[in-house]
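Asks: If you scroll down you'll find the structure; I have some questions about it.
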Amino acid sequence: MPTRVYLIRHGQTIDAHERRYKGHLDVPLSEAGIRQAERLAEFVKHLKSPPVNRIFCSDLSRAIRTAEAIGLPIGITPVPINGLRERHFGQWEGMTFDEIKAVSPEAFTNWASDPLAFSPIGGESTKEVSLRVTPVFKKIVNDHKDETIAIVAHGGVNRVILCDVLGIPLTNIFRVEQDFACLNIIDFYDSVPVVKLMNYVTEL
119 MPTRVYLIRH GQTIDAHERR YKGHLDVPLS EAGIRQAERL AEFVKHLKSP
169 PVNRIFCSDL SRAIRTAEAI GLPIGITPVP INGLRERHFG QWEGMTFDEI
219 KAVSPEAFTN WASDPLAFSP IGGESTKEVS LRVTPVFKKI VNDHKDETIA
269 IVAHGGVNRV ILCDVLGIPL TNIFRVEQDF ACLNIIDFYD SVPVVKLMNY
319 VTEL
């Protein structure tokens with residue numbers, strides 16, 4: 119039996135329409151985000167596959183709340199992990215795309231053109247996010263072989279993980295979409311990962 123991972127992005131946050139870079143800011147779910155999480159929880163509960171044994175999540179409230187919604191119907195308490203946090207945007211946290219371009223035009227241009235090498239001022243580059251997140255993800259999988267695991271994280275974190283399991287260079291990270299409350303399914307046959315589903319969002 120493979121080790122199955124349900125890799126999930128948290129639900130919509132209260133300021134999602136403003137398109138702010140939240141990073142490590144602890145922004146809560148919106149009412150719509152709570153509904154998304156609850157809807158996804160019902161979907162996961164009724165999947166025709168081995169039941170979820172464990173749930174891990176980022177220690178930011180938007181991920182914890184989503185993970186709690188998934189754990190409630192199946193009686194599992196999520197375990198928060200700091201290493202699954204979203205990319206740290208440094209001085210740009212809480213700012214919109216336009217605000218960043220206005221105050222840090224050169225730094226923003228460098229980061230936008232090569233996010234693998236450049237980082238937001240005081241924050242993490244894509245490479246640094248990968249160096250932080252990938253070992254955490256692999257340890258969870260290796261520590262729970264033959265189990266079914268749910269991991270609730272963030273758009274940037276999930277993209278890094280999916281690039282790694284698919285063998286995609288991190289330079290292509292933004293070719294992988296991760297919508298709010300989306301579900302990805304990855305099966306591990308020994309150390310070989312197979313992506314069964316990507317960026318699935320349950321219907322309204």
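Residue numbering for the sequence shown is 119 to 322, as defined by this note's numbering. Beta carbons: idealized from backbone N, C-alpha and C, even for Gly. None of the values given here were measured: they were computed from a predicted structure.
Tell me, which residues are paired with Asp305 by DSSP?
Replies: For the purposes of this step, residue 305 is identified with residue 187 of the sequence shown, where counting begins at 1. DSSP, once it has assigned bridges, lists Arg122 and Val312 as partnering Asp305.
Asks: Can you find the residues in the same chain that come closer than 6 Å, C-beta to C-beta, to Met316, ignoring five residues on each side of it along the sequence?
Replies: Locating residue 316 in the sequence shown gives position 198, counting from the first residue. Excluding residues within five positions, the ones whose Cβ falls inside 6 Å are Asn302.
Asks: DSSP three-state label for Arg127, please.
Replies: Your numbering for residue 127 matches position 9 in the sequence shown. The answer is strand: DSSP assigns Arg127 an E or B state.
Asks: In terms of alpha-carbon separation, which member of Val275, Ile239 and Leu288 lies closest to Asp177?
Replies: Counting from one through the sequence shown, the residue named residue 177 turns up at place 59. It is Val275.
Asks: For Arg203, tell me which candidate among Phe292, Phe255 and Ile152 has the shortest Cα-Cα distance.
Replies: Mapped onto the sequence shown, residue 203 falls at position 85. Among Phe292, Phe255 and Ile152, the Cα nearest to that of Arg203 is on Phe255.
Asks: With a 10 Å radius around its C-beta and 16 neighbouring C-beta atoms as the bar for buried, classify His164 as buried or exposed.
Replies: For this step, residue 164 is matched to residue 46 along the sequence shown. When all chains shown are included, His164 counts as exposed.
Asks: Report back the beta-carbon spacing between Gly273 and Arg127 to the nearest angstrom; my notes put them in contact at under 8 Å.
Replies: Working through the sequence shown from its first residue, we reach residue 273 at position 155. Working through the sequence shown from its first residue, we reach residue 127 at position 9. Right, the Cβ-Cβ distance comes to about 6 Å (below 8 Å), so this counts as a contact.
Asks: Going by beta carbon distance, what residues of the same chain come within less than 6 Å of Ala185, once the five residues before and after it are set aside?
Replies: The count along the sequence shown starts at 1 and reaches residue 185 at position 67. These residues qualify, in order along the chain: Ile173, Cys175, Pro196 and Val270.
Asks: Provide the residue span of the beta strand (DSSP E) that contains Pro198, from first to last.
Replies: For the purposes of this step, residue 198 is taken as the residue at position 80 of the sequence shown. Run containing Pro198: Val197 to Ile199, per the beta strand (DSSP E) assignment.
Asks: Under the three-state reduction of DSSP, which class applies to Ser179: helix, strand or coil?
Replies: Reading the sequence shown from its first residue, position 61 is the one you call residue 179. Helix.
Asks: What's the C-alpha gap between Asn200 and Trp229?
Replies: In the sequence shown, residue 200 corresponds to position 82, counting from 1. In the sequence shown, residue 229 corresponds to position 111, counting from 1. The alpha-carbon atoms of Asn200 and Trp229 are separated by roughly 24 Å.
Asks: Excluding the 5 residues flanking His262 on each side, which residues of the same chain have their C-beta closer than 8 Å to its C-beta?
Replies: Start at 1 with the first residue of the sequence shown, and residue 262 comes out as number 144. Taken in chain order, the residues that qualify are Thr121, Asn171 and Arg172.
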